[in-house]
Amino acid sequence: MAGHSKFKNIMHRKNAQDRKKARVFTKIVKLIKGALTFGTDPSSNPRLKTALALGKEENIPKDVILNAMESKEEATNNEEEVRYEGYGPYGIPVIVETVTDNRNRTAGEVRAVFTKFGGNLGELGSVSHMFHKVGVLLYDKSVSFDSFIESALVSHVIDCTELESFYEVTTKWDALHDVIEALISAFGTPKEWEIEWRPIFTVTLEDENIDIIKKMLATLYDLDDVEKVFHNVNM
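If you use the numbering used here, the sequence shown closes out at 254, no skipped numbers anywhere.
See below:
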């Protein structure tokens, strides 16, 4: 193609990959800083243990991780969790969870994405009533499902489900870490855990409309401050 060289194409891809890698680093460093609120010892802090494991998997340099752990106080003072709610394209409800040190900047960036895709950012509480806030844990299938249920149905557990590769435990959102502690002796550290907003009802869209939703989600996740995005579209 005229005006383009193989070298330029390779550099373009490399630069895009570098930017993506930098965003991953930033998000994992934020996870580490947030996890430090629950203690600095990974053996007694499963959230920190998982964050450090992610850092290792992504080959984040040790000095970057050490700096993140040493800057706990600064991060706690400067950053806060902020939730945004609104309607995306086709009127779908969307919840965006962020960690930010500048509310005005983050609100502007999130609002711009909603506007770009034909949606609008609403007030806090404008769509969250369409979701249940729950804690979710995933465990490896180390025992039979019947045996798992016998031990997993502890206080604050709402449901246990067998998925293709994992067992899923749903809990009251504010008891997630209590349940982790209650189950750790039987099943160890969960494969994954997080607090989710699960839709009370879901909608099905045409494939071309789903593609637009996916582009909006990808654009939101490209924002450095965005941690999680929830919606009610069947993908």
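Ideal placement from N, C-alpha and C gives every residue a C-beta, glycine not left out.
This structure is a prediction, so every number in the text was calculated from the model and none was measured.
- Contact check between the stretch 121–130 and the stretch 100–108: three or more CB pairs, one atom from each, fall below 8 Å, which counts as touching.
- When the alpha-carbon of E215 is set against those of V129, V248 and I168, the nearest one is in V248.
- Under the 10 Å beta carbon count, D226 is surrounded by fewer than 16 other beta carbons and is classified as exposed.
- Taking W192 as the centre and dropping the five residues before and after it, the same chain places the C-beta of K152, V153, G154 and I214 closer than 7 Å to its C-beta, in chain order.
- Within the stretch 83–164, the runs of beta strand (DSSP E) at least 3 residues long that lie entirely inside it are, in chain order, 99–106, 112–119 and 150–159.
- With fewer than three CB-CB distances shorter than 8 Å, the stretch 166–181 does not count as touching the stretch 229–243.
- A54 is positioned such that its CB atom lies closer than 8 Å to that of A70.
- When C-beta atoms of the stretch 131–143 are compared with those of the stretch 177–195, fewer than three pairs fall below 8 Å, so the two segments do not count as touching.
- Collapsing the DSSP output to three states places K191 in a strand.
- Nearest Cα to K46 within the set P61, E77 and D230: E77.
- When only Cα atoms are considered, L202 and V176 end up about 11 Å apart.
- Residue pairing for P218: DSSP places it in a beta bridge opposite F150.
- Taking a 10 Å sphere around the C-beta of K81, we find fewer than 16 other C-beta atoms and assign the residue as exposed.
- Ranked by Cα distance from K210, the options P65, H148 and A131 are led by P65.
- For the options V129, Y106, V173 and R130, the alpha carbon positioned closest to that of M149 is the one of Y106.
- Assignment of D178 by DSSP, reduced to helix, strand and coil, places it in the strand class.
- Taking A87 as the centre and dropping the five residues before and after it, the same chain places the C-beta of V48, I51 and K52 closer than 6 Å to its C-beta, in chain order.
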